[in-house]
Each structure stands twice: as C-alpha cells, then as structure tokens.
Amino acid sequence: MSATTIDRAPRLARPNRRQEWGSPLTYFIALLFIAVCLAPVLYIVLGGFRSNSQITTSPAGLPSPWLFDNYLNVLASSTFWVELGNSAIAAIATTIGVVVLGLMVSFVLARYHFRGRGAMYSLFAAGLMFPMTVAITPLYILVKDLGLTNSLAGVILPQIGFGLPVTVIILVPFLKAIPDEIEEAAAIDGASRLGFFIRMVVPLSLPGVVTTGILAFVASWNSYLLPLFILNDPSTFTLPLGVQAFASQYSVDTAKVLAFTSLAMIPALLFFTLFERRIVGGLTGAVKG
Amino acid sequence: MSSLQGAAPVTDGQPPQVPAKAGEDAPRASSPAGRPRRRATDWRKRLEIGILSGPAIIVFVAFVIFPVFLAAYYGFFRWKGFGAPTDFVGLGNYKVIFADSAFHDVLVHNAIIVVLSLVIQGPIAVAVALLLNQKIRGRSLIRVLIFVPYVIAEVIVATGWSLMLQTNGAVNDLLQAVGLGAFRADWLADPKIAIWSLMVIISWKYIGFAVILFLAGLQGIPEELSEAAAIDGASYWQIQRRITLPLLGPTIRIWAFLSIIGSLQLFDLVYIIWGQYVASTAGTSTMATYMVANGRTSGNYGYGNAVAVVMFLISLVIALIYQRFVLRRDMAGAVTQGAK
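Protein chains in written order, with my numbering: chain A, 47 to 335; chain B, 75 to 414.
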C-alpha cells in the first residue's frame, strides 16, 4: 500500500539520532491508518449520544443535539455494573492464574535440565493447536460435571489452562536469556534455585510477565464462546454476553445498544493504554544483559 | 509437537515429592562432594520441578488436553448430551460430515479466510510497522490508537459493524453522501459480498496484533546494521529489503502461523453478525459456526464433537506442515528474539 511512500520518507529522518519531526508524508499515512482504525469505534461512541430517530434519518451523521440519556440510563442500570464486576473478577483471576502458573512452569522449562523437558515444552506448545473452539463441548460437559456452570470459576479455570501455551512460549526464551552468570553469582551469594527464582528471575522477567498478563487479561475480558456455554444465569453474565443480550433485548433501540457497547469497551481500552508500552517492550525480549 | 508423546513424561516431574523432604537441607550443608550430595540435590531438583510445574500441568491437562480427547471419544456416538453416551455409531458421524455439502462450503469459506487474512494483513502490517519504527513524534500515542481494534471485544466489534453495514446503515449512508451511491450494497446479506465484508472486519480487527508483533521484532534488530549499510551507500529501500525484512522473517513466520490457526477457528464475529442460520446462506459460515449450529444448538452433541475433531485434525495437519517446512528453525523464541 505505502511501499513507494515509505521509500522516501524516512531517509530524511534517519541519519539524525535526536528527536526529529520526520516527513509530513509519514504522519499523513499514519493519520490515515489511525482514522481507519478509529472510525468504527467513533461510530459506536457517537451513536450513543444520538437518538434513534437521528440514527434512522442519518445513519452516518453526528449527534445533533448531543443526548446523554442513553449513557446515563445504562450507567444507572445495575445490569451494567454487575456484568462489569463479573468481567473484572474473571479477568483478574485468570491473569493471576496464568502469570503465576506460567512463570513457574516456564522457569522449570528454561533453567532446569531433566529428562522429558523437551516433551513438556512440546506439550504446552501443542496447546496452541488445541483451541477452545475444538474443546468447547466436552469442556462444557466437564465443567458441568464439576458443578461449576453458572459460576465464574467455571470460566476462570479453563481460561487459565488455555492461556498457558502462549505464556510459556513467550516466557521460556525470556527466562533462558537471563545470563548464567547472574544465577552463578546468586548461588555464590548463597541463594538456592528457588531463592534465585523469587529474587532475581521474577523481577528480571517482569516485562515478559506484564506482556503475558495483558494478553491473558484482554483475552479473558473479551472472551465470548466459553461464557456463552458456561454462564446461563444473567446475574453471572460477563460484559460480552451482556452486550449481546442487551443488543437482542433492545434490538429496536439502536442508540441505547451503542451506548451500552461503548461503555463496555472502556475498561479494556483503559487497561491496554496504561500498559501498552510494556507489551511491545515485553515482546522484544528486554533482558539483554 | 506431538501431543500424545508429550503426555507421558508429565508424571515424571511429580512423584518424588515425599521422599525429597528429607534431602531438602542436605545440599546446603556443604557435605563432602560425591554421591550422597549429588543424590540430595537430585531429589531437591525433582521436588522443585514438581512443585513449580505441577499446578500448571494439572490445570493444562485437565482443561485443555483432556477435553480434546473427550471430544474424540464422544465423536463416535450419537448422543444428545444427557447421561453416558451409549449409541455407538463408529465413524457414522464422520461419514455424515464429509457427505454434507454445507460442510464443504464451510471448508471453502475457511480456506478463503486463511489465505486472504495473510495476503491482506501481512503486507499492510509490515508497512505500518516499518513506518512506526521510525523516530517520529507521538509514536507511542499512534501505537496505542492502532491497537484499539485489537483490544475491543469481538462481540463489540461485531455489534458495531453489523449496525454500520446494514442496508440502511452508516456505510451506505456515507457512500451516498460522498456521491458514491452507486456502490451502496447489501454488505451482509449478499452472498457475493458478505465474505469480503467479513474480510474487511477481520483485517480491521486483527491487523493491530500483527503490527504489535512486527514492531517488537523490528526493535530487536540492531540499528547498527542499517546504519552500516547506509554508510556503505545502501538506499532506505535496499536496507529494508536486504536487512530488515530478512531479520524480521522469524517474527513474520510466527505471525502467519498464529493467523492461520486463528482463521481456521474463527467463530465469534461470524456467529454474532450473521447468526447461526444466516451465515451459511450469506456464505460466511466457518467450521466453528457449523459445529455450534449442528452440535450444541440442535442438541446433537456427538455430532458436534465429531466436527470438532475434524476441525482439530485439519488445524493440526496444517500446523505440522507449516512447522515442518516453514517454522523449523525459529519455533523456540522467535516471538521474543527476532534477530538472534
């Protein structure tokens, strides 16, 4: 798409190491791309400020006048807050589970030498190929047999399991990259393997941990299929289920649906914005000695 | 990558928990080097391995591996989901699946989605990542904004887009307004167009992830390389082609892998936008929506599981082929250590 344009733009900016403005063309393309990324989101957010008749007469128009009733109605309903709470509990518990279990097992895979290590790594790597979609029916039956339907635990536990492969694949190289010298130095100072794990590995791998934590959080926050199977009682709904239930319940009230939808996406966006820098940093593999 | 192979050694790490207690203090007490000490550290090591990897393995095997095998088992039965399956039909479910023309359609749709996802998202994402990897002002803000679609839930994306793409929705209205009224279309219902609408939505939703990965990969490439090349007189474009792209190769290959697997299992977007019945007439149904529509929704759990198994095997075969021929060298750590 922009092959020819990038071609010339950066050459101007490159040689100078200090913060430069760069070529206007670069900004233009970046802005264009951002506009495409944001337009549908803006449609949802702005739609919430309109009335249904405004939406019907001019689907792509701007709010005129701006109405706040839709948003206020949603914010005043307990449904929204209950679902927000459920989503938060599920996402936080999943994140903690994935990070703690993932870090522990990745440490073993990265720093211990034992028979079957390769097989163990393969087991987790194979998990990438065991998508939840494939396992969903038996998973539902399993959760039902455990008596966890209509409870958030029934969503959290499988999500931890399915979050582990990505976590392991990201964290293992990360932990391997911690130089042996650090471990030796820690050993000389009297730290055991576990002491080394807690005092050195955890802090050093923080960027990777944050990355995997964010991925797990966002995946849980957005997950739809598993809650769809497991949670049938509206009081246990997470936000994605809530959005869909709301959208079918008020299918004629487009404006209200849009308001609900845009409120539902705020938490994940906020969370992501706060930690965005960490994601790229974490994926880059920050431990370089 | 064989999952069966991996299952056996799992137990390896766990049993020695009890006897190891005794040896726990031994290695510290600077016992004379030799057998007893090595034994003690050995036990201790096993204990640590067991404690550290046990919980993850239990959760993973119980909720990921086990259900997949259960699916394989249920797939041999005609079963409505109540009580134990008894009506063994052997490969009967599979025969029905492969004879069902609706399933053939689904395979075609999935193939289209896999290929188009790679072809559309790959080049654009590389271009955008190269663009954003320069030193420009407001880079981190731009990055956040680009990732917005990726962070938003599929349900929200689907709800928003389906409203916009309605016959009397915002997209058609906008086309009319800018004088392109001739291009107004039935974006969701017209079978000729629907799959392209889906591709637009998919690309919009997931391209941010590709950009994240590529940016991470680019940052792992030492700047000295391109600086050296620039001193030797290489143009910007030559540098990208001869240095940056090859070094970004592992990241691109990993991304392509994730994209393929994701495309094969596409569910949420289609299910919410088109619903379970419209999807097949609009030409956007996928293996996963077929599975849910013909399995859970119609109460044929045995059949649904058989579909899941077929889906899994297709994904597995494609993944293995891909790994054998494309990923071989960079499976371990490509995401994190692009350049090394």
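All C-beta atoms, glycine included, are put in the ideal place defined by N, C-alpha and C.
- Secondary-structure assignment with DSSP links R157 (chain A) through no beta bridge to anything.
- Annotation for Q250 (chain B): the continuous alpha helix (DSSP H) segment containing it runs 244-251.
- Annotation: E228 (chain B) to L155 (chain A) spans about 33 Å, alpha carbon to alpha carbon.
- Taking W235 (chain B) as the centre and dropping the five residues before and after it, the same chain places the C-beta of I275 closer than 6 Å to its C-beta, in chain order.
- In its chain, beyond the 5 residues on either side, V180, N184, M385 have a beta carbon closer than 6 Å to the beta carbon of M361 (chain B).
- Nearest to L204 (chain B) by C-alpha distance, out of B:D342, B:L321, B:N368, B:F177, is B:L321.
- For F162 (chain B), the pairing in a beta bridge is given by DSSP as B:F151.
- Contacts between L126 (chain B) and chain A, judged by CB atoms closer than 7 Å, involve M150, V151, F153, V154 in chain order.
- When DSSP states are grouped into helix, strand and coil, S133 (chain A) belongs to the helix group.
- Put simply, of A:V145, A:A291, A:A171 the residue whose alpha carbon is nearest the alpha carbon of T307 (chain A) is A:A291.
- Annotation for S99 (chain A): the continuous alpha helix (DSSP H) segment containing it runs 98-103.
- Here A305 (chain A) really is in contact with V120 (chain A); their C-beta atoms are around 5 Å apart, less than 8 Å.
- Taking the Cα of Y158 (chain A) as reference, the smallest distance to any Cα among B:K209, B:F177, B:R217, B:T115 is reached at B:T115.
- Contact check for T183 (chain A) against Y375 (chain B) passes: the beta carbons are separated by less than 8 Å.
- Per DSSP, reduced to three states, the secondary structure at S297 (chain A) is coil, with no helix or strand assignment.
- Chain-ordered listing is empty here: chain B has no CB closer than 9 Å to the CB of Y296 (chain A), the nearest sitting near 11 Å.
- At a cut-off of 8 Å between C-beta atoms, N184 (chain B) does not count as an interface residue with respect to chain A.
- Chain-ordered listing is empty here: chain A has no CB closer than 8 Å to the CB of L192 (chain B), the nearest sitting near 15 Å.
- Close partners of Q339 (chain B) in chain A (Cβ separation under 9 Å): P177, M178, T179, V180.
- Around A314 (chain A), the beta-carbon contacts reaching into chain B at under 8 Å are V225, I226, A227.
- The C-beta separation of S266 (chain A) from A181 (chain A) comes to about 17 Å, leaving the pair out of contact by the 8 Å criterion.
- Look at the stretch 369-390 of chain B: the residues with a C-beta under 8 Å from a C-beta of chain A are G369, R370, Y375, G378, N379, A382, V383, M385, F386, S389, L390.
- Nearest C-alpha to V214 (chain A) among A:Y167, A:S123, A:Y89, A:F318: A:Y167.
- The C-alpha of A262 (chain A) is placed about 19 Å away from the C-alpha of S127 (chain B).
- DSSP places L71 (chain A) in the uninterrupted alpha helix (DSSP H) bounded by 70-93.
- Counting C-beta atoms within 10 angstroms of its own C-beta, W127 (chain A) has fewer than 16 neighbours from the protein chains shown and is therefore classed as exposed.
- Between T233 (chain B) and chain A, the shortest Cβ-Cβ separation is below 8 Å.
- For chain B, the residues of the stretch 67-94 of chain A that bring a beta carbon within less than 8 Å of one of its beta carbons are W67, G68, T72, Y73, I75, A76, F79, I80, V82, C83, L84, P86, V87, Y89, I90, G93, in chain order.
- Nearest to A302 (chain B) by alpha-carbon distance, out of B:L219, B:I317, B:E122, is B:I317.
- Taking CB atoms only, V303 (chain A) has a neighbour in chain B less than 8 Å away.
- Residues of the same chain with a CB within less than 8 Å of the CB of L185 (chain A), apart from the 5 flanking positions on each side, are M178, P204, L272, F275 in chain order.
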